[in-house]
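Report on one structure; see the data block that follows.
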Amino acid sequence: MDKNRLSVIIPMYNEEESIEVLFDRLFPVLEGLNMPFEVVCINDGSRDRTLEILERELKRRPGLVVVNLARNFGQHAAVMAGFSEAQGDWIITMDADLQNPPEEIPKLVKEFKKGHDLIGTIREGRQDTYFRRLASRITNRIVARISGISLHDFGCMLRGYSREVVEGILSNPEYRTFIPALATFFARNPVEIYVRHEERAAGQSKYSLLRLFSLQLDLMTGFSMWPLRILFFVGTFMAFGGLLAAAVIVGLRIYYGAGWAAEGVFTLFAALFFLVGCQFFALGLLGEYIGRIFQAVRKRPTFILEWVKGREKGERKVLMRLP
Ligand code: UDP
Ligand code: MG
Numbered sequence: 003m004d005k006n007r008l009s010v011i012i013p014m015y016n017e018e019e020s021i022e023v024l025f026d027r028l029f030p031v032l033e034g035l036n037m038p039f040e041v042v043c044i045n046d047g048s049r050d051r052t053l054e055i056l057e058r059e060l061k062r063r064p065g066l067v068v069v070n071l072a073r074n075f076g077q078h079a080a081v082m083a084g085f086s087e088a089q090g091d092w093i094i095t096m097d098a099d100l101q102n103p104p105e106e107i108p109k110l111v112k113e114f115k116k117g118h119d120l121i122g123t124i125r126e127g128r129q130d131t132y133f134r135r136l137a138s139r140i141t142n143r144i145v146a147r148i149s150g151i152s153l154h155d156f157g158c159m160l161r162g163y164s165r166e167v168v169e170g171i172l173s174n175p176e177y178r179t180f181i182p183a184l185a186t187f188f189a190r191n192p193v194e195i196y197v198r199h200e201e202r203a204a205g206q207s208k209y210s211l212l213r214l215f216s217l218q219l220d221l222m223t224g225f226s227m228w229p230l231r232i233l234f235f236v237g238t239f240m241a242f243g244g245l246l247a248a249a250v251i252v253g254l255r256i257y258y259g260a261g262w263a264a265e266g267v268f269t270l271f272a273a274l275f276f277l278v279g280c281q282f283f284a285l286g287l288l289g290e291y292i293g294r295i296f297q298a299v300r301k302r303p304t305f306i307l308e309w310v311k312g313r314e315k316g317e318r319k320v321l322m323r324l325p
């Protein structure tokens, strides 16, 4: 028996149709690993029977831990809640909808055994619509460029994290965060492997296009100040351009006389160019400071825990816990 313990973290939002199928496939895989394990399911404010089913499963699945959040906080916040409850040395996150086949878990465990502390995954034969795939390819590339984090596939949540990496992530609570990207910051020996990807077993995707976009925005603004910097660069460029245009107009006015400059109209333009340029410059500068404040101030709690069940010590009512 391996002495390392494994935690599998599964965020769940309205997954009533998937849970049983998922557990029927997941638990045999974990039992076959011959190591202590726990499955931490986070109910992320589901409005269907997810919680009811989870509580029922608690009675017949040893190793199951149920974490109930006070309301819907989003997938990444739910995973954070899972991290804070997980007790394993190796921690694996996955989706509830069976798009990440549980049968791939032994592959990740193998990488842990090789000493890797962060296991990224690339979806093989991705089962999403062409449009989703194209969109995510483009965003993966842009995000990699902007944030300076090179991951081939940000979207796949079947990932492995060592205890140290998880502690690092937990010590850095951010209100809106993107875990796969944040994890690269704490990893010493990361690796990326290919895993299978399947169609959603049941129910619907919880991500609308708008939510996907906002996730990408989190990723961009959370890890880079580029969008704000662009304002600053454009501002500086405009200010210099304006100054130059003004100088040219004033020069031509002196050379050709007041008639050429439409009796002062052009001079007015010159002043305007310059002032508009200055304004952009000032805006950009403000943006830079706001960005810094924004970075410093982002210390809000990621989630609010209501209770945890399934631990040997008995049930725990937490109501409010700030990371
Ligand atoms: N999820 C969650 N909270 C949310 C949205 C999603 O916990 O607000 C969970 C969901 O139950 C699933 C995982 O995150 O286990 C991925 O969601 P989904 O399959 O809808 O995303 P997609 O595969 O379409 O990207
Ligand atoms: Mg899915």
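This note's numbering numbers the first residue of the sequence shown as 3 and each following residue consecutively. The beta carbon of each residue, even a glycine, is placed where N, CA and C say it ideally should be. For clarity, every value in this text was computed on a predicted model and none was experimentally measured.
For residue i, three-class secondary structure by DSSP
| i | result |
| --- | --- |
| residue 131 | coil |
| residue 39 | strand |
| residue 16 | coil |
| residue 121 | strand |
| residue 5 | coil |
| residue 142 | helix |
| residue 311 | strand |
| residue 163 | strand |
| residue 228 | helix |
| residue 306 | coil |
| residue 126 | strand |
| residue 153 | coil |
Buried or exposed (CB count within 10 angstroms, at least 16 for buried), residue i
| i | result |
| --- | --- |
| residue 257 | exposed |
| residue 323 | No answer about residue 323 holds up, because its pLDDT of 42 lies below 50 and its placement is not dependable. |
| residue 102 | buried |
| residue 70 | buried |
| residue 56 | buried |
| residue 113 | buried |
| residue 93 | buried |
| residue 89 | exposed |
| residue 15 | buried |
| residue 33 | exposed |
Residue j beta carbon less than 9 angstroms from that of residue i
| i | j | result |
| --- | --- | --- |
| residue 282 | residue 236 | yes |
| residue 162 | residue 111 | yes |
| residue 191 | residue 118 | yes |
| residue 143 | residue 196 | no |
| residue 286 | residue 246 | no |
| residue 64 | residue 44 | no |
| residue 99 | residue 122 | no |
Residue-level contact to chain B via CB, residue i, 9 angstroms cutoff
| i | result |
| --- | --- |
| residue 277 | As a matter of chain content, chain B is missing from the structure shown, which is built from one protein chain. |
Within the stretch 168-198, ranges of the alpha helix (DSSP H) (whole runs, at least 4 residues)
As summarised for the stretch 168-198, the continuous alpha helix (DSSP H) elements at least 4 residues long and confined to that stretch are 181-188, given in chain order.
Examine the Cβ distances between the stretch 7-22 and the stretch 201-208 and report whether three or more of them are shorter than 8 angstroms. Cβ pair count under 8 angstroms is three or more, so yes.
Q. How about the stretch 238-245 and the stretch 262-279: do they share at least three Cβ pairs that are nearer than 8 angstroms?
A. By the Cβ criterion, the stretch 238-245 is in contact with the stretch 262-279, since at least three pairs of Cβ atoms, one from each stretch, lie closer than 8 angstroms.
### Query
How would the residue list near ligand 3 read, in chain order, if you kept each one whose beta-carbon is closer than 7 angstroms to any heavy atom?
Ligand 3 is not part of this structure, which contains only ligand 1 and ligand 2.
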